[in-house]
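Have a look at the structure below before the remarks.
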Amino acid sequence: MLSVWGSRYNFLQPMDWQTLLDWAQHPQVVLGLVVVVAALLVANLVQAWRWGRFMRRWKQLMTHSEGGSLEHTLYETLRRVSLMEETLKSHGNHLEQLQSQTNRCLQRVGLVRYDAFPDMGGQQSFALAVLNEHGDGVVVSGIHSRQEMRVYAKPIQKHASTIGLSDEERQALRAATQSHG
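Sequence positions in the sequence shown follow the working numbering and run 2 to 182.
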């Protein structure tokens, strides 16, 4: 039992109208109820104001600057990302093909200039080695004399030749092997 202003009330039992009228006779109870109702009214107004502000922000968020909905904008963005992923994959495959082709291209170069004859100056003779990534290519030699210029080409496979190489040609081949195309 709970005692309220000298009376005993059992809040677990259903109240009858007489009990409620007894409570209404006490100004403190009426004042307390007015304060509670006023507080609930203020809380309700604050919540209504917050809800209105939330809805304005929500509508602003859901509307794209160009007038479309956020859902449409998100859909378009995801579609573009998907297209970019496909393009990136395609470029990756193309890059692998180019890398494969590049490995077969002549890209490592070694050049040695020298005087082929003691009476010739200016290092006008040369040995030029050009190789791909696998060490396949050619060594081109040019021997310059007063009367003529002779050019020789020798095939190279896996950094070696089946035809004998001069010292200058071996030096050019070594330089090409060590170069970074």
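For every residue, glycine included, the Cβ atom is placed at its ideal position computed from N, Cα and C.
Please read all numbers here as calculations on a predicted model, not as lab measurements.
Comparing C-alpha distances from R114 to each of Q172, R147, Q26 shows the shortest one belongs to Q172. With fewer than 16 other beta carbons inside 10 angstroms of its own, R81 counts as exposed. Using a Cβ distance threshold of 8 Å, L174 and A130 count as a contacting pair.
Of all alpha-carbon atoms in R105, L112, P119, L41, the one lying nearest the alpha-carbon of E134 is that of R105. The bridge partners DSSP lists for Q158 are A161. L107 sits in coil when the DSSP states are folded into three classes, being neither helix nor strand. Annotation: the continuous beta strand (DSSP E) that includes L129 extends over 126-132. M121 sits in coil when the DSSP states are folded into three classes, being neither helix nor strand.
A residue is called buried once 16 or more other Cβ atoms fall within 10 Å of its Cβ, and I144 is buried on that count. For G138, there is no enclosing alpha helix (DSSP H); the residue is found in the beta strand (DSSP E) stretching over 138-145. According to DSSP, residue pairing for M150 in a beta bridge involves H145. Burial is judged here by how many other beta carbons sit within 10 angstroms of a residue's own beta carbon; V152 has fewer than 16 and is exposed. The alpha-carbon of T78 is positioned some 48 Å away from that of G136.
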